[in-house]
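Protein chains in written order, with the numbering used here: chain D, 147 to 645; chain R, 22 to 520.
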Amino acid sequence: MFPYLSFMTFWPLFGALLIAFVPKGKDSWVRWTALLTTLPPLVAAVKLFYLFDRSVSGMQFVEGPFPWIKLFHIDYFMGADGLSISMILLTALVCTVAILASWGIEKSVKAYFALFLLLDAGMMGVFSALDFFLFYVFWEVMLLPMYFLIGIWGGPRREYAAIKFFLYTLAGSVLMLLVMLAFYFYSDGHVFNLLTLADQSKHLGPLTATHFRYLCWLGLFIGFAIKVPIVPFHTWLPDAHVEAPTAISVVLAAVLLKMGTYGILRICFPLLPDATVHFANLMAALGMINIVYGALCAMAQKDFKRLIAYSSVSHMGFCLLGMASLTPEGLNGAVLQMFNHGTITAMLFLLVGVVYDRAHHREINGFGGLAQVMPRYATITTFAFFAALGLPGLSGFVSEVLCFLGGFKTFRLYTIVSVSGVVLTAAYMLWTFQRVFLGSLNEKYKNILEINTREVISLVPFMIIILVAGFYPKIVIDLMSSSMAALSQSFDSFHLAGL
Amino acid sequence: MTSEYMKQDLYYFFPELVLIGTIFILFLADFFVGNKNKAVYPFFAFLGFVGMMVANHSSAFLPPASLFSNMVTVDGMGRFFKYLFGFSGLLGIILSSKSPEVEKTDTASYFTLLTALVLGMMLLATANHLLMIYLALEMVSVLSYILTGSVRGSRRSSEAALKYVIYGGVASGIMAYGISLLYGLTGTMSLPEIAVFLKTHAVSRPVLYMSVLMMMAGFGYKIASFPFHMWCPDVYEGAPTPFTAFLSVGPKAAGFAILIRFFIVAMSQQTETGYMAIKPIGWPVLLGALSIATMTVGNLAALQQTNMKRLLAYSSIAHAGYMLMGFAALNGEALTAILFYMSVYVIMNIGAFLVVIIISNQLGSEDINAFKGLSRRGGMGILLSLAMTIFLLSLTGIPPMAGFIGKFYLFGAVMKSGLYGLALAGVLNSVVSLYYYIRVVKLMFFDPLSEEERVQKNLGMPILSHSCLVCVLAFLTLYLGLFWNQLAQLTLKSTVLHF
Numbered sequence: 147m148f149p150y151l152s153f154m155t156f157w158p159l160f161g162a163l164l165i166a167f168v169p170k171g172k173d174s175w176v177r178w179t180a181l182l183t184t185l186p187p188l189v190a191a192v193k194l195f196y197l198f199d200r201s202v203s204g205m206q207f208v209e210g211p212f213p214w215i216k217l218f219h220i221d222y223f224m225g226a227d228g229l230s231i232s233m234i235l236l237t238a239l240v241c242t243v244a245i246l247a248s249w250g251i252e253k254s255v256k257a258y259f260a261l262f263l264l265l266d267a268g269m270m271g272v273f274s275a276l277d278f279f280l281f282y283v284f285w286e287v288m289l290l291p292m293y294f295l296i297g298i299w300g301g302p303r304r305e306y307a308a309i310k311f312f313l314y315t316l317a318g319s320v321l322m323l324l325v326m327l328a329f330y331f332y333s334d335g336h337v338f339n340l341l342t343l344a345d346q347s348k349h350l351g352p353l354t355a356t357h358f359r360y361l362c363w364l365g366l367f368i369g370f371a372i373k374v375p376i377v378p379f380h381t382w383l384p385d386a387h388v389e390a391p392t393a394i395s396v397v398l399a400a401v402l403l404k405m406g407t408y409g410i411l412r413i414c415f416p417l418l419p420d421a422t423v424h425f426a427n428l429m430a431a432l433g434m435i436n437i438v439y440g441a442l443c444a445m446a447q448k449d450f451k452r453l454i455a456y457s458s459v460s461h462m463g464f465c466l467l468g469m470a471s472l473t474p475e476g477l478n479g480a481v482l483q484m485f486n487h488g489t490i491t492a493m494l495f496l497l498v499g500v501v502y503d504r505a506h507h508r509e510i511n512g513f514g515g516l517a518q519v520m521p522r523y524a525t526i527t528t529f530a531f532f533a534a535l536g537l538p539g540l541s542g543f544v545s546e547v548l549c550f551l552g553g554f555k556t557f558r559l560y561t562i563v564s565v566s567g568v569v570l571t572a573a574y575m576l577w578t579f580q581r582v583f584l585g586s587l588n589e590k591y592k593n594i595l596e597i598n599t600r601e602v603i604s605l606v607p608f609m610i611i612i613l614v615a616g617f618y619p620k621i622v623i624d625l626m627s628s629s630m631a632a633l634s635q636s637f638d639s640f641h642l643a644g645l
Numbered sequence: 022m023t024s025e026y027m028k029q030d031l032y033y034f035f036p037e038l039v040l041i042g043t044i045f046i047l048f049l050a051d052f053f054v055g056n057k058n059k060a061v062y063p064f065f066a067f068l069g070f071v072g073m074m075v076a077n078h079s080s081a082f083l084p085p086a087s088l089f090s091n092m093v094t095v096d097g098m099g100r101f102f103k104y105l106f107g108f109s110g111l112l113g114i115i116l117s118s119k120s121p122e123v124e125k126t127d128t129a130s131y132f133t134l135l136t137a138l139v140l141g142m143m144l145l146a147t148a149n150h151l152l153m154i155y156l157a158l159e160m161v162s163v164l165s166y167i168l169t170g171s172v173r174g175s176r177r178s179s180e181a182a183l184k185y186v187i188y189g190g191v192a193s194g195i196m197a198y199g200i201s202l203l204y205g206l207t208g209t210m211s212l213p214e215i216a217v218f219l220k221t222h223a224v225s226r227p228v229l230y231m232s233v234l235m236m237m238a239g240f241g242y243k244i245a246s247f248p249f250h251m252w253c254p255d256v257y258e259g260a261p262t263p264f265t266a267f268l269s270v271g272p273k274a275a276g277f278a279i280l281i282r283f284f285i286v287a288m289s290q291q292t293e294t295g296y297m298a299i300k301p302i303g304w305p306v307l308l309g310a311l312s313i314a315t316m317t318v319g320n321l322a323a324l325q326q327t328n329m330k331r332l333l334a335y336s337s338i339a340h341a342g343y344m345l346m347g348f349a350a351l352n353g354e355a356l357t358a359i360l361f362y363m364s365v366y367v368i369m370n371i372g373a374f375l376v377v378i379i380i381s382n383q384l385g386s387e388d389i390n391a392f393k394g395l396s397r398r399g400g401m402g403i404l405l406s407l408a409m410t411i412f413l414l415s416l417t418g419i420p421p422m423a424g425f426i427g428k429f430y431l432f433g434a435v436m437k438s439g440l441y442g443l444a445l446a447g448v449l450n451s452v453v454s455l456y457y458y459i460r461v462v463k464l465m466f467f468d469p470l471s472e473e474e475r476v477q478k479n480l481g482m483p484i485l486s487h488s489c490l491v492c493v494l495a496f497l498t499l500y501l502g503l504f505w506n507q508l509a510q511l512t513l514k515s516t517v518l519h520f
């Protein structure tokens with residue numbers, strides 16, 4: 147069988163190598179090479195969508211385990227199940243669109259696209275890896291390209307944002323490293339294989355002690371929480387998002403944030419189910435805080451991009467709430483929200499990029515009445531904003547409802563408070579729309595350029611997905627339902643004390 | 022001592038004999054050739070080191086043995102360190118030949134003394150007798166003093182040498198006192214016999230403690246651990262940079278070799294899981310505390326540095342701290358980890374120093390700001406920037422570089438022995454170290470060249486051997502970061518100590 151996952155992971159590296167050999171000065175060659183490099187993985191992603199067997203809850207498209215470092219039983223082991231397949235598809239699409247959105251980069255074009263493709267490879271690897279060490283390597287490999295991409299091509303405070311991002315995420319990663327080592331040494335047969343480690347009978351020694359397991363879970367959780375980001379580990383996000391160039395913000399929001407929740411679902415949940423049950427309350431509470439606090443912060447923002455950054459914090463809270471419920475509805479809702487939010491937030495950041503390219507500022511109050519001069523742009527933005535606030539008929543609604551359904555079963559109070567987040571989201575989204583697009587036209591922007599074809603092409607795929615997933619969510623939910631049902635079932639034996 | 026024993030001992034001593042032969046050849050070359058052809062000395066020294074490593078390889082088939090009435094041993098660990106010293110020596114020669122700083126010394130004696138220094142290091146790593154330890158340590162130290170101060174007419178060099186002499190003299194003196202106390206307690210100077218004596222007799226605890234502490238003064242000074250690290254920044258800054266590069270890896274490795282040998286052979290007994298300290302002394306705790314202090318002091322002090330050599334000096338101190346963690350852990354993995362870390366450390370540290378050498382030769386400055394805008398200084402600048410990034414990130418411990426594997430191995434050993442607090446301190450120190458390493462990367466890639474700097478935009482051609490070596494070392498760092506199974510197997514086999 148064709149190794150789809152390895153292909154999608156390593157093909158961008160090949161593209162990055164090709165770009166290194168493009169002769170100096172031929173910037174358009176670089177851009178087209180990058181775009182054409184991301185197309186085969188996109189085609190592979192569509193193929194995977196059709197080949198994926200929706201009735202199977204286990205791993206598919208498995209490659210390996212091939213021995214890599216024999217001394218430590220580290221294998222090259224890749225595979226995808228319901229949890230990761232939607233993320234892999236999302237990554238493939240977002241990377242192609244982000245290349246399109248990067249068309250306007252003029253400075254050091256070669257380096258930009260080479261680093262971007264390196265990032266692409268890392269992201270694909272994280273979602274496909276089934277060996278803990280391999281997962282960790284791919285996870286860390288992403289940090290450096292991101293540091294450069296924000297730090298060189300970003301906004302005025304880019305260096306601060308970049309180093310903050312790097313330090314913060316590295317601190318989380320090293321905690322993950324320690325727990326990974328604990329699992330290696332205290333597992334039967336010394337393995338890094340995530341599937342083997344999920345077998346609780348393989349845990350030995352200190353790993354059978356409850357408090358040690360709780361500590362391990364917390365170590366992993368903090369590492370992933372920084373990525374999600376969960377309040378109070380979220381402070382790197384507004385800076386990183388605002389200072390990053392448009393395409394990088396898109397990738398950061400649409401894919402990188404999902405890695406945090408993916409990590410929790412892939413590693414914390416199967417490997418330490420008792421600790422998960424113990425901390426489910428904490429997760430739900432943090433989810434609620436994320437939703438409400440994120441929305442309130444978003445409402446206070448004057449910078450358009452910062453507003454959307456905080457709205458990301460808020461929307462990831464829905465994932466947390468759904469995950470914490472440990473019910474099939476909640477888990478499905480969480481993974482669906484990961485996918486949906488990826489598409490929605492990608493649109494939002496692309497749209498901010500459109501207006502920033504023209505006006506060179508992002509002050510919400512600095513605009514006004516843009517709908518009169520940019521009607522197409524206003525329409526697309528309306529669509530995106532309504533998707534973000536969870537309008538029924540668009541995909542955001544389905545995932546949010548599922549998260550609430552799951553959450554309400556176990557965490558009544560948290561869910562009730564979280565629902566207010568929907569109202570708050572509607573408030574700041576509509577208010578922003580009103581300030582930017584409605585009202586009297588700001589004379590400065592009488593002759594502002596309408597959204598052009600390239601930008602529309604980068605937005606259309608997301609619009610289609612959001613609309614289709616909103617009216618017929620079965621298409622997307624089918625991908626994840628078997629795996630999530632199995633995951634939820636694995637918690638049945640644990641008694642969950644709800645609130 | 023019959024002539025038969027003598028012959029057999031000399032047979033085992035072959036690698037060292039090759040080096041002694043090389044020293045004599047260099048003496049003769051100085052006599053006959055003098056300063057007429059300065060390229061002769063690095064050439065012969067290079068051949069000598071290669072010959073030593075070949076002789077070392079052929080000794081693999083000999084069983085372990087004790088030589089010269091138990092002064093020196095030949096075993097797996099000794100053989101490994103001889104390889105490492107030979108490799109460091111080769112790198113040192115490549116760095117030193119044709120270097121402008123070394124041109125200002127008496128080249129003939131420089132290379133002769135360098136060869137003798139490696140001979141001293143080999144004796145130190147295989148010493149099995151307290152007196153031999155002292156002798157070899159003094160040999161390494163005195164030769165280091167001379168080589169540090171060898172730049173003629175340089176006040177900085179002489180000052181560094183003087184500081185080194187004074188500090189080293191006091192440290193050696195204290196260590197000699199410690200040796201005398203230990204001899205007084207146990208009645209023997211041979212390491213294995215000391216262990217036997219301590220196991221079977223009760224000795225005065227305070228005196229034993231004092232003697233170990235005093236011996237640590239000598240060892241700690243050699244590896245530059247807290248609180249014997251003060252000489253390090255000044256000496257590294259003042260010595261000719263090629264020698265600093267060698268000093269940061271060679272004598273440090275020898276110091277660790279004898280540290281391993283002293284504590285494992287003389288002060289511990291073997292258990293199923295590894296080693297255990299002989300009852301009255303808790304030296305693992307002592308070394309663990311020193312490790313945390315060293316790491317922290319090294320990393321925190323490095324944050325402030327503006328001179329690259331001092332920054333790398335403090336970083337060396339911190340790395341000694343990481344390696345000391347292995348001594349607190351005391352199992353088979355810990356020894357393997359220390360050996361593995363030492364090997365990758367040689368590669369990445371010499372790589373980093375090599376880039377500093379090239380920059381200081383071409384741009385005339387050792388300041389961190391000399392790296393500003395390096396990536397914009399033409400093809401050579403990009404190559405150097407990329408290589409330096411690889412080395413610095415490897416020193417931080419980020420995949421997929423070899424330095425990460427070293428840290429992974431070390432933290433693994435510590436986690437295995439259950440010292441979670443120590444592991445946590447180690448990883449947090451790694452995160453702190455990112456800040457000062459990435460500062461150089463930031464300067465190279467993010468900062469633009471100022472107008473005056475733009476005048477000397479082109480770096481010019483560095484010495485060919487240096488450029489090639491940078492590429493080789495950078496490639497090795499990446500290769501060993503991904504395919505480290507063989508090196509791991511080699512270090513695992515090399516943890517055999519003969520006594």
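Quick reminder that beta carbons are idealized off the backbone N, C-alpha and C, glycines included. None of the values given here were measured: they were computed from a predicted structure.
With 16 other Cβ atoms within 10 Å as the buried cut-off, status of threonine 381 of chain D = exposed
Touching or not, the region 370-380 of chain D and the region 458-465 of chain D, by the rule of three or more beta carbon pairs under 8 angstroms? yes
*Determine, using beta carbons only, whether proline 469 of chain R comes closer than 8 angstroms to chain D.*
no
* To do: Could you name the residues of the same chain whose beta carbon sits closer than 8 angstroms to that of asparagine 390 of chain R, not counting the 5 residues immediately before and after it, in chain order?
  => Thr327 and Leu464
- Task: Mind checking the region 308-320 of chain D against chain R and listing, in chain order, the residues whose C-beta falls within less than 7 angstroms of any C-beta there?
- Result: Ile309, Phe312, Leu313, Leu316, Ala317 and Val320
Legend entry - Cut-off 7 angstroms between Cβ atoms - residues of its own chain near phenylalanine 65 of chain R, not counting five sequence neighbours on either side: Thr43, Ile46, Leu47 and Ala50
Can you find a CB in chain D that lies within less than 8 angstroms of the CB of glycine 523 of chain R?
Coverage of chain R is limited to positions 22 through 520, which leaves residue 523 of chain R absent and any answer about it impossible.
Three-state secondary structure (DSSP) at methionine 344 of chain R?
helix
* **Short Cβ contact (8 angstroms threshold) for leucine 311 of chain R with alanine 323 of chain R** => no
Checklist entry - Taking the alpha carbon of alanine 274 of chain R as the point to measure from, which residue in R:Asn450, R:Leu158 and R:Trp304 has its own alpha carbon closest? => result R:Leu158
Tell whether a beta-carbon distance below 8 angstroms holds between glutamine 325 of chain R and lysine 220 of chain R.
-> no
query = Looking only at DSSP bridge pairs, what is glutamate 509 of chain D linked to?
reply = D:Asp449
- Query: In terms of residue numbering, what span does the alpha helix (DSSP H) encompassing tryptophan 285 of chain D cover?
  - Reply: 278-287
- Query: Can you give the Cα-Cα distance for isoleucine 234 of chain D and serine 636 of chain D, rounded to whole angstroms?
  - Reply: 24 angstroms
### Query
Which first and last residues belong to the alpha helix (DSSP H) in which methionine 297 of chain R is found?
No alpha helix (DSSP H) holds methionine 297 of chain R; the beta strand (DSSP E) holding it covers 296-298.
- For serine 396 of chain R, which of helix, strand or coil comes out of DSSP? helix
Assuming cysteine 253 of chain R and alanine 245 of chain R make a contact with CB atoms under 8 angstroms, what is their CB distance in whole Å? 4 angstroms
Exercise for review: Hey, could you find the ends of the alpha helix (DSSP H) glycine 271 of chain D is sitting in?
Suggested key: 255-274
Exercise. If contact means a Cβ-Cβ distance below 7 angstroms, which residues of the region 404-424 of chain D contact chain R?
Worked result: none
message: Quick check: what's the CA-CA separation for serine 109 of chain R versus leucine 414 of chain R?
response: 21 angstroms
Can you list, in chain order, the residues of the region 367-386 of chain R whose Cβ is nearer than 8 angstroms to any Cβ on chain D?
none
Skipping 5 residues on each side, what residues in its chain have a beta carbon closer than 6 angstroms to that of phenylalanine 370 of chain D? Gly406, Gly409 and Ile410
I'd like the span of the beta strand (DSSP E) that includes glutamine 206 of chain D, first residue to last. 206-215
- Query: If contact means a Cβ-Cβ distance below 9 angstroms, which residues of the region 263-295 of chain D contact chain R?
  - Reply: Phe279, Tyr282, Val283, Phe284, Trp285, Glu286, Val287, Leu289, Leu290, Tyr293 and Phe294
Under 7 angstroms from the C-beta of lysine 216 of chain D: neighbouring residues of chain R: Asn506
Nearest to aspartate 266 of chain D by alpha carbon, out of D:Val325, D:Thr184 and D:Pro391? D:Thr184
Any chain R beta carbon closer than 8 angstroms to glycine 297 of chain D: yes
- request: Report buried or exposed for alanine 643 of chain D, applying the criterion of at least 16 other Cβ atoms within 10 angstroms of its Cβ.
  value: Confidence at alanine 643 of chain D is low in this model, with a pLDDT of 48, below 50, so its placement is unreliable and no value can be given for it.
task = Check whether the Cβ atoms of serine 386 of chain R and serine 337 of chain R lie closer than 8 angstroms to each other.
result = no
Rounded to a whole number of angstroms, what is the C-alpha to C-alpha distance between alanine 446 of chain R and methionine 482 of chain R?
-> 43 angstroms
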